[in-house]
Amino acid sequence: MSLFELNLAIILFIIGNFIGLEYSYRKYTSPYVEKKIDKIALALSILGGILINSPLYMLGYLLIGFPLGMRSGYGRIEFIVGLIIAVFLYLLLRW
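Residue numbers (numbering that gives the first Met the number 0): 0 to 94.
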């Protein structure tokens, strides 16, 4: 991975954070009160965790950044699930 690709991946991750923040402020008008998992954020995080370990890793960084950038209290479980899948697939593919 060249320095240009690394910088592009970081920029896409930050853009994913901003998109997640915008999404969560539009969907959740009150501070953290819900105790359920957001299905859209979970699906994007799982897809991002899978794509990080493929040639489409740039898109994976964008998608896994989505739940991390959500409003405080939202998206943390979804991000952790996506991160665990990404690490598991990385270890599985490297051994």
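Positions of the beta carbon are idealized from the N, C-alpha and C atoms, including for glycine.
Source: prediction; values computed, not measured.
Can you give me the C-alpha to C-alpha distance between residue 49 and residue 27, rounded to a whole angstrom? 27 Å
Could you tell me which of 70, 8, 4 and 0 sits nearest to residue 62, measuring between CA atoms? Ranking the options by Cα distance to residue 62, first place goes to 8.
By the DSSP assignment, the alpha helix (DSSP H) with residue 48 in it spans what residues? 38–50
Out of 52, 2 and 38, which one is the CA nearest neighbour of residue 78? 38
I'd like the span of the alpha helix (DSSP H) that includes residue 1, first residue to last. Looking at the DSSP string, residue 1 is not in any alpha helix (DSSP H), and its letter there is neither H nor E.
Might you give, ordered along the chain, the residues of its own chain that have their beta carbon closer than 8 Å to the beta carbon of residue 71, omitting 5 neighbours on each side? 30 and 31
Contact set for residue 46: own chain, Cβ-Cβ below 6 Å, skip 5 residues either direction: 62
Per-residue DSSP class, three states only, for residue 66: helix
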